[in-house]
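Chains as they are written, first to last, in numbering that gives the first Met the number 0: chain D, 0 to 288; chain R, 0 to 294.
From the three backbone atoms N, C-alpha and C, an ideal C-beta is built for every residue, glycine too.
The structure displayed is predicted, hence computed values, not measured ones.
A short worksheet on the structure shown next.
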Amino acid sequence: MDATVAARRRNRQRFMFLMLRSAAAVNIAALVSVCAFLVWNGLPAISWEFLTEPPRKSMTEGGILPCITGTLFLSLGALGLSFPLGVASAVYLHEYAGHTVFARYIRLGVNNLAGVPSIVFGLFGLSFFVITCGFNVSLLSGILTLSVLTLPIIIGTAEEALRQVPAELREASLALGATQSQTIARVALPAALPGMLTGAILGLSRAAGETAAIMFTAAVFFKKGVADSLLSPVMALPNHMYVLATSGTEIDKTMPLQYGTALVLLVLVIGINIFAILIRDRLQKKQKQ
Amino acid sequence: MSTAGFARKETYIRRILAGIAGCSLFFLALIMLFLFMEGLPVFGRLAPPDFFFGMGWYPTQEPPEFGIFPLIVGSLAVTLVSGVLAIFLGVMTAVWLTEIAPAPVRRVCKPLIELLAALPSVVVGFFGMVVIAPLLQRYLDVDTGLNLFNAGLMLAFMSVPIVCSVAEDALYGVPATLREASLALGATRWETTIRVVVPAAFSGIGTACMLGMSRSIGETMVVLMVAGGAGILPASIFDPVRPMPAAIAAEMAEAPFRGEHYHALFAIGMVLFLFTLLFNTIAQRIAEKNRQSLG
Numbered sequence: 000m001d002a003t004v005a006a007r008r009r010n011r012q013r014f015m016f017l018m019l020r021s022a023a024a025v026n027i028a029a030l031v032s033v034c035a036f037l038v039w040n041g042l043p044a045i046s047w048e049f050l051t052e053p054p055r056k057s058m059t060e061g062g063i064l065p066c067i068t069g070t071l072f073l074s075l076g077a078l079g080l081s082f083p084l085g086v087a088s089a090v091y092l093h094e095y096a097g098h099t100v101f102a103r104y105i106r107l108g109v110n111n112l113a114g115v116p117s118i119v120f121g122l123f124g125l126s127f128f129v130i131t132c133g134f135n136v137s138l139l140s141g142i143l144t145l146s147v148l149t150l151p152i153i154i155g156t157a158e159e160a161l162r163q164v165p166a167e168l169r170e171a172s173l174a175l176g177a178t179q180s181q182t183i184a185r186v187a188l189p190a191a192l193p194g195m196l197t198g199a200i201l202g203l204s205r206a207a208g209e210t211a212a213i214m215f216t217a218a219v220f221f222k223k224g225v226a227d228s229l230l231s232p233v234m235a236l237p238n239h240m241y242v243l244a245t246s247g248t249e250i251d252k253t254m255p256l257q258y259g260t261a262l263v264l265l266v267l268v269i270g271i272n273i274f275a276i277l278i279r280d281r282l283q284k285k286q287k288q
Numbered sequence: 000m001s002t003a004g005f006a007r008k009e010t011y012i013r014r015i016l017a018g019i020a021g022c023s024l025f026f027l028a029l030i031m032l033f034l035f036m037e038g039l040p041v042f043g044r045l046a047p048p049d050f051f052f053g054m055g056w057y058p059t060q061e062p063p064e065f066g067i068f069p070l071i072v073g074s075l076a077v078t079l080v081s082g083v084l085a086i087f088l089g090v091m092t093a094v095w096l097t098e099i100a101p102a103p104v105r106r107v108c109k110p111l112i113e114l115l116a117a118l119p120s121v122v123v124g125f126f127g128m129v130v131i132a133p134l135l136q137r138y139l140d141v142d143t144g145l146n147l148f149n150a151g152l153m154l155a156f157m158s159v160p161i162v163c164s165v166a167e168d169a170l171y172g173v174p175a176t177l178r179e180a181s182l183a184l185g186a187t188r189w190e191t192t193i194r195v196v197v198p199a200a201f202s203g204i205g206t207a208c209m210l211g212m213s214r215s216i217g218e219t220m221v222v223l224m225v226a227g228g229a230g231i232l233p234a235s236i237f238d239p240v241r242p243m244p245a246a247i248a249a250e251m252a253e254a255p256f257r258g259e260h261y262h263a264l265f266a267i268g269m270v271l272f273l274f275t276l277l278f279n280t281i282a283q284r285i286a287e288k289n290r291q292s293l294g
C-alpha cells in the first residue's frame, strides 16, 4: 500500500517535471525556429550588393543600405540622448533621493513610462515633435521619440548597476573627505559603468527593432540616398520590412528581399543582445571573485 | 574652495540631477496631455457611449462610423489568448529554471529565454504571416490563417520572457527554509514546489502575469500583421480581428490631419494607454503588497 502510494507520488513528480521541461523547451524551440527559418531563407538574399546599395526598380532589386544607416542613426541618436539623461536620473534616484515622496513619484513615472505601448509613443511623437514642435517627419522626430521610449530602460538598468556598487566604496571615499558629488563621479560611476553600458546596449537593440514608434515620426518607405540631414525623413529596417511584407505591389518579387531584410534586422538586434549578455556575465563573474 | 562653496556646489548638482530625473514624469504627463488634447475632440460630435460601445468601425464610409467596441473586444480577446498561453509557458518555465534545472543548464537556457524578448516585433509578425498562417490554413481548415489565434500565439512568445523573468525573481525570493521544511516532512520535490514554493511566490507571479498582459495589449506590429484586420466581433478563436493598436497603425497615415478620423484614432490611443496604465498599476500594487507582507 505504502509502496504504491510512494510510486504514484514519484510518477506524478516525474510527469510534472516533464511538463515543466517541455514548457521551457517550447520557448527555446520558438526562438531557434524563428532564427533558423530566417537564416535559411534569408542567407541566399544576402550579398555585398544587398548590404551596400540602395533599392532599385520600386524595391524589387538592389539593396537596403539606406535602411541600415537609417536604423543606426535613429538608434544611436536616441541613445545619445537617453543615456546621459537616464544615468543622471538613476544617480539622483539612487544616490540622492532615497525614499522621499518626490522620488516615489518619479519611480511611479518611470514604471508607467516603461509600460506605455510603442504605438502610443508614436502618436505622442506625431502630435508633439512632428506637429507642435514643427520637426515634421524626420530623423530628429524619430530620435526624440525613441529617446523617450528608451529612457525607462536606461534608468532601470543604471539604477540596478549603482545598487551593485558596495556601500563600503562610497563610505571609504566620503571618509577621506570627498564630497558626495566627488564620490559619485570618481567612485560610484566608474564602478557602475559596465553595468550601465549593458543597459545602454539593451536600449540600443530595443530602439533598433522598434517599428510602431517611428512609423509616423521618422520613417518613409522610399527616399533617395542616405539620410543627409536631421530634418529629413529616413528609411529604417523595421519599417522597410513591414511595408515590403504587407503592402508592396509585387510581394512575390520582393520575397527574397523581405527575408534578407528580416535576417539583417535579426542579426543586428540579436547580435547586440548577445554582446550585452556576454558583458553582463563577465561582470557577474568579476563581482563574485 | 571654502566649505560653504562646496556645500553650495553640492546643492546645485543635487538640484540639476533632480530636474533631470523629473524628465520621466514630465514626459509621461506630456504624453497624456497630447493624447487627450488630440483625442478628446472626437467627443465634440460623438457621444462617448456611441464611441465606446458603437458596433461599427467604418471610418472612411459616408457617413463614417466610429464605434470602437469591436476593436476593444479584439484587443481583449488577443490579450486573453496570449495571456493564457504566456502565463502557462512563462510560469512553468520559471518554475523549471528555479526549482529543477541543474545550474549549467540554467546558465545556458536563461539567456536564451531573454533573447526571445529581443526579437523585434516586426520579425515575429513576419514569421506569423509567412509560416504560422499557411500552417493554420492547411491543417485546421480555417478561412484565413491571419486570425485571433495566430496573433495570440505570436504575442504569447513575446510576453513569455517578461512573465518568466518576473516570476523567476518571485520564486528566487522564497526562503530556502520553507523548501527544506517541506522536504524534511517527506514531501517530494514536486509537492514542495506546487504546495509550498509557488503559493509563497503567488503575488510575484501575479505581477508577472499582469505585466505580460500589459505587454500583449500594447504590442502593435504583431497584431497589425497577423490578426487579420477585420473590425468585427470574433465568433470563434479562428476569426480575424482588428485590435486597437492595429487600427491606429494601419489608418493614421490616411487619416486627414485633425479630421474626425484623426481624433478618433488618438482617442483609441487614449483607451489603449488607460488599459496599460490599469494593468501596470495592478501589477505594482500586487508587488508593493508583497514587499510589505514579506518585510
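Buried versus exposed, by CB contacts within 10 Å (16 or more), residue i
| i | result |
| --- | --- |
| residue 2 of chain R | exposed |
| residue 33 of chain D | buried |
| residue 47 of chain D | exposed |
| residue 10 of chain R | exposed |
| residue 107 of chain R | exposed |
| residue 189 of chain D | exposed |
| residue 97 of chain D | exposed |
| residue 185 of chain R | exposed |
| residue 294 of chain R | With a pLDDT of only 40 at residue 294 of chain R, under the threshold of 50, the placement of this residue in the model should not be trusted, and no figure is reported. |
| residue 137 of chain D | buried |
| residue 374 of chain D | There is no way to answer for residue 374 of chain D, as the model of chain D reaches only from 0 to 288. |
| residue 228 of chain D | exposed |
| residue 132 of chain D | exposed |
Chain D residues whose Cβ lies nearer than 8 Å to that of residue i
| i | result |
| --- | --- |
| residue 22 of chain R | 84, 88, 150 |
| residue 224 of chain R | 241, 244, 245 |
Endpoints, alpha helix (DSSP H) assigned at residue i
| i | result |
| --- | --- |
| residue 237 of chain D | 236-246 |
| residue 218 of chain R | Per DSSP, residue 218 of chain R belongs to no alpha helix (DSSP H) and is neither H nor E. |
| residue 178 of chain R | 175-183 |
| residue 52 of chain D | No alpha helix (DSSP H) holds residue 52 of chain D; DSSP gives it neither H nor E. |
| residue 31 of chain R | 2-38 |
| residue 90 of chain D | 64-90 |
| residue 189 of chain R | 188-191 |
| residue 89 of chain R | 68-94 |
| residue 108 of chain R | 102-117 |
| residue 171 of chain R | 147-171 |
8 Å Cβ cutoff, residue i in contact with chain D
| i | result |
| --- | --- |
| residue 115 of chain R | yes |
| residue 279 of chain R | yes |
| residue 151 of chain R | no |
| residue 80 of chain R | no |
| residue 13 of chain R | yes |
| residue 231 of chain R | no |
| residue 221 of chain R | no |
| residue 41 of chain R | no |
| residue 92 of chain R | yes |
| residue 83 of chain R | no |
| residue 173 of chain R | no |
| residue 268 of chain R | yes |
Beta-carbon neighbours of residue i, restricted to chain D and to distances below 9 Å
| i | result |
| --- | --- |
| residue 188 of chain R | 12, 16 |
| residue 64 of chain R | By Cβ distance, chain D contributes nothing, its closest Cβ being about 21 Å from residue 64 of chain R, past 9 Å. |
Contacts that residue i makes with chain R (C-beta to C-beta distance below 8 Å)
| i | result |
| --- | --- |
| residue 25 of chain D | 88 |
| residue 123 of chain D | 29, 30, 33, 34 |
| residue 36 of chain D | 126, 130 |
Neighbouring residues, chain R, relative to residue i (Cβ below 7 Å)
| i | result |
| --- | --- |
| residue 283 of chain D | Simply none; closest approach about 10 Å. |
| residue 7 of chain D | Here the premise fails: no neighbours, minimum Cβ distance about 10 Å. |
| residue 261 of chain D | 122, 125 |
Under 7 Å by beta carbon: chain D residues contacting residue i
| i | result |
| --- | --- |
| residue 27 of chain R | 108, 111, 112 |
| residue 110 of chain R | 276 |
| residue 95 of chain R | 19, 20, 22, 23 |
Under 9 Å by beta carbon: chain R residues contacting residue i
| i | result |
| --- | --- |
| residue 208 of chain D | 117, 118, 119, 120, 121, 122 |
C-beta neighbour in chain C for residue i, strict 8 Å
| i | result |
| --- | --- |
| residue 240 of chain R | The structure shown contains no chain C; its protein chains are D and R. |
Chain R contact for residue i (CB, 8 Å cutoff)
| i | result |
| --- | --- |
| residue 253 of chain D | no |
| residue 144 of chain D | no |
| residue 211 of chain D | yes |
| residue 221 of chain D | no |
Inter-stretch contact (C-beta, 8 Å, three-pair minimum) for the region 232-247 of chain D and the region 212-231 of chain R
Contact between the region 232-247 of chain D and the region 212-231 of chain R is present, with at least three C-beta pairs closer than 8 Å.
Given 8 Å as the limit, is there contact between the region 147-163 of chain R and the region 223-237 of chain R, that is, 3 or more CB pairs closer than that?
Flag = yes, the region 147-163 of chain R and the region 223-237 of chain R touch.
Quick one: any contact between the region 24-39 of chain D and the region 97-117 of chain R, if contact means 3 or more CB pairs under 8 Å?
Flag = yes, the region 24-39 of chain D and the region 97-117 of chain R touch.
Does the structure place the region 175-194 of chain D close enough to the region 153-164 of chain D that three or more beta carbon pairs sit under 8 Å?
Per the Cβ contact rule, the region 153-164 of chain D is in contact with the region 175-194 of chain D (3 or more Cβ pairs under 8 Å).
Is the region 159-176 of chain R close to the region 276-286 of chain D, with three or more CB pairs under 8 Å?
No: the two stretches stay apart, fewer than three of their Cβ pairs being nearer than 8 Å.
Taking three-plus beta-carbon pairs below 8 Å as touching, is the region 78-92 of chain R in contact with the region 6-16 of chain D?
No: the two stretches stay apart, fewer than three of their Cβ pairs being nearer than 8 Å.
Pair every Cβ in the region 86-101 of chain D with every Cβ in the region 20-34 of chain R, then say whether three or more of these pairs are closer than 8 Å.
Three or more pairs of CB atoms, one per stretch, sit closer than 8 Å, so the region 86-101 of chain D contacts the region 20-34 of chain R.
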